[in-house]
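Under the numbering used here, think of the first position of the sequence shown as 110, with each following residue one higher.
Built from N, CA and C at the ideal position, the CB exists for glycine as well.
The structure appears below as structure tokens.
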Amino acid sequence: QVHLVESGGGLVQAGGSLRLSCAASGSAASIYIVGWYRQAPGKQRELVASSTGGGFTNYADSVKGRFTINRDNAKNTVYLQMNSVKPEDTAVYYCKGAYSGTYVWGQGTQVTVSS
Numbered sequence: 110q111v112h113l114v115e116s117g118g119g120l121v122q123a124g125g126s127l128r129l130s131c132a133a134s135g136s137a138a139s140i141y142i143v144g145w146y147r148q149a150p151g152k153q154r155e156l157v158a159s160s161t162g163g164g165f166t167n168y169a170d171s172v173k174g175r176f177t178i179n180r181d182n183a184k185n186t187v188y189l190q191m192n193s194v195k196p197e198d199t200a201v202y203y204c205k206g207a208y209s210g211t212y213v214w215g216q217g218t219q220v221t222v223s224s
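This is the structure in structure tokens:
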């Protein structure tokens with residue numbers, strides 16, 4: 110059984126920074142962490158950032174230039190560096206992984222940006 114565990118969320122003022130981490134546990138080597146998503150109250154879950162092992166990255170337009178996704182393959186951990194955060198970045202952030210032909214999700218970490 111595999112799990113994804115997010116950490117690093119919290120309360121931050123607008124303009125500040127946070128770094129989220131997503132680590133795989135269990136059969137960690139068997140899971141590929143795809144990227145980060147977020148879900149704000151009353152809204153659908155949306156892609157924030159994704160990356161491939163070959164270095165290709167994709168970002169939501171709303172976070173381009175402010176957020177950076179990177180991965181530590183040795184630790185099978187993916188990070189989301191969030192800079193210049195805005196109140197509209199407030200959401201629960203989830204990481205998504207691919208495992209055995211399906212997708213798995215972490216439990217989410219809350220990010221709250223105060224104005």
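6 Å Cβ shell around residue i - same chain, five flanking residues per side excluded
i           : result
residue 221 : 120, 199
residue 201 : 148, 217, 219
residue 175 : 192, 193
Neighbourhood of residue i by C-beta, 8 Å cutoff - its chain only, sequence neighbours within 5 removed
i           : result
residue 128 : 117, 188, 189, 190, 191
residue 196 : 123, 222, 223, 224
Among the options, the one whose alpha carbon lies nearest that of residue i
i           : options            : result
residue 133 : 113, 124, 151, 139 : 113
residue 164 : 181, 150, 218, 224 : 181
residue 162 : 135, 178, 125, 111 : 178
residue 193 : 208, 173, 212      : 173
residue 167 : 141, 186, 154, 146 : 146
Exposed unless 16 or more other CB atoms sit within 10 angstroms - verdict on residue i
i           : result
residue 218 : buried
residue 184 : exposed
residue 61  : Lying outside 110 to 224, the shown extent of the chain, residue 61 is not represented and no answer is given.
residue 152 : exposed
residue 158 : buried
residue 206 : buried
residue 210 : exposed
residue 212 : exposed
residue 125 : exposed
Paired residues, beta bridge with residue i - DSSP
i           : result
residue 228 : Outside the modelled stretch of the chain, which goes from 110 to 224, sits residue 228, for which no answer is possible.
Residues of its chain near residue i, where Cβ-Cβ distance is below 7 Å and the 5 sequence neighbours each way are ignored
i           : result
residue 215 : 113, 114, 115, 131, 203, 204
Give the list of continuous beta strand (DSSP E) stretches no shorter than 3 residues that lie fully inside the region 139–191.
141–148, 155–160, 166–168, 176–181, 186–191
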